[in-house]
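Taking it in order: structure first as structure tokens, then the write-up.
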Amino acid sequence: KTLGGLPDVAVNLDRLSKEGVLFTRFYANSFRTDRGLVSILSGFPAQPTMSIMKYPRKTAKLPSIAAAMKQAGYGADYYYGGDADFTNMRSYLVNSGYEKIISDVDFPVKERLSKWGVPDHLVFARLLNDLRGAKQAKPMLRVLQTSSSHEPFDVPYHRLSNKRLNAFAYTDDCVGKFVEQLKRIGRWDNSLVVLVP
Numbered sequence: 778k779t780l781g782g783l784p785d786v787a788v789n790l791d792r793l794s795k796e797g798v799l800f801t802r803f804y805a806n807s808f809r810t811d812r813g814l815v816s817i818l819s820g821f822p823a824q825p826t827m828s829i830m831k832y833p834r835k836t837a838k839l840p841s842i843a844a845a846m847k848q849a850g851y852g853a854d855y856y857y858g859g860d861a862d863f864t865n866m867r868s869y870l871v872n873s874g875y876e877k878i879i880s881d882v883d884f885p886v887k888e889r890l891s892k893w894g895v896p897d898h899l900v901f902a903r904l905l906n907d908l909r910g911a912k913q914a915k916p917m918l919r920v921l922q923t924s925s926s927h928e929p930f931d932v933p934y935h936r937l938s939n940k941r942l943n944a945f946a947y948t949d950d951c952v953g954k955f956v957e958q959l960k961r962i963g964r965w966d967n968s969l970v971v972l973v974p
């Protein structure tokens, strides 16, 4: 069985699911990113009619995985190819304990190629480059938010004729190449990679 029951879309995730732990009854926790992120990173249930991310006074009081990891001695950085100020995301991330937030403005204008900013493969490349140069002084939490599996599904990748499925295949390709690079640069054995829809 393939992920999502669609053959040839998530070929890397299908392969990686055999190497790690796969939860087949884990579902997306909201219909929008601003609500899903707070649910994933703070354990706060997504709200159907409002986004808590838009209320900095409230998000400042939420628990977060970044804050917990920071207390354990980890450094926490966040990577996103889009606008980190959209829906108050930057405020939420800062309140959560992320020290460095890499977003569209941290890439050259020529790389902001889509409606949502920088394509995923360039964001993954930035994270890999930063990991190559990072000193091992303390453990780290790195969160990378993809955006290409989002309408209008315009991606610099053309393997499948269905535009939506092709966008998911593109993100899958980026994840597969990222994991292979983690193995090549010697970070794989000391890393835990968690993929969440």
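With our numbering, the residue at position 34 of the sequence shown is 811, and numbering never jumps. From the three backbone atoms N, C-alpha and C, an ideal C-beta is built for every residue, glycine too.
The beta carbon of L814 is closer than 8 Å to those of M830, M866, Y869 and Q922 in its chain, skipping five residues each way along the sequence. Fewer than three pairs of CB atoms, one per stretch, sit closer than 8 Å, so the segment 898-915 makes no contact with the segment 828-844.
Judged by pairs of C-beta atoms under 8 Å, the segment 909-921 touches the segment 846-853, as three or more such pairs exist. Cβ-Cβ distances below 7 Å link Y875 to A843, A853, D854 and Y855 in the same chain, with the five nearest sequence neighbours on each side left out; the list follows chain order.
Taking 8 Å as the upper bound for CB-CB distance, S880 and A861 are in contact here, some 4 Å apart. Within the same chain, and ignoring the five residues on either side of D949 in sequence, the residues whose Cβ sits closer than 8 Å to its Cβ are V786, A787, V788, N789 and L790. Proximity of the segment 956-964 to the segment 901-910 meets the contact definition, three or more beta-carbon pairs being nearer than 8 Å. Excluding residues up to 5 positions away in sequence, D785, V786, N943 and A946 lie with their Cβ nearer than 8 Å to the Cβ of L937 in the same chain. The beta carbons of S807 and S816 sit about 6 Å from each other, so the pair counts as a contact at 8 Å. Nearest C-alpha to T810 among N939, N967, R941 and S924: S924. Cα atoms of N939 and D966: separation of roughly 36 Å, rounded to the nearest angstrom. DSSP places S891 within a strand segment (E or B) once states are collapsed to three. Separation of G797 and M846 (C-alpha to C-alpha, rounded to the nearest whole angstrom) is 22 Å. Excluding the 5 residues flanking it on each side, R941 has same chain C-beta neighbours closer than 7 Å at F930, in chain order. For I879, the beta-bridge partners assigned by DSSP are Y856.
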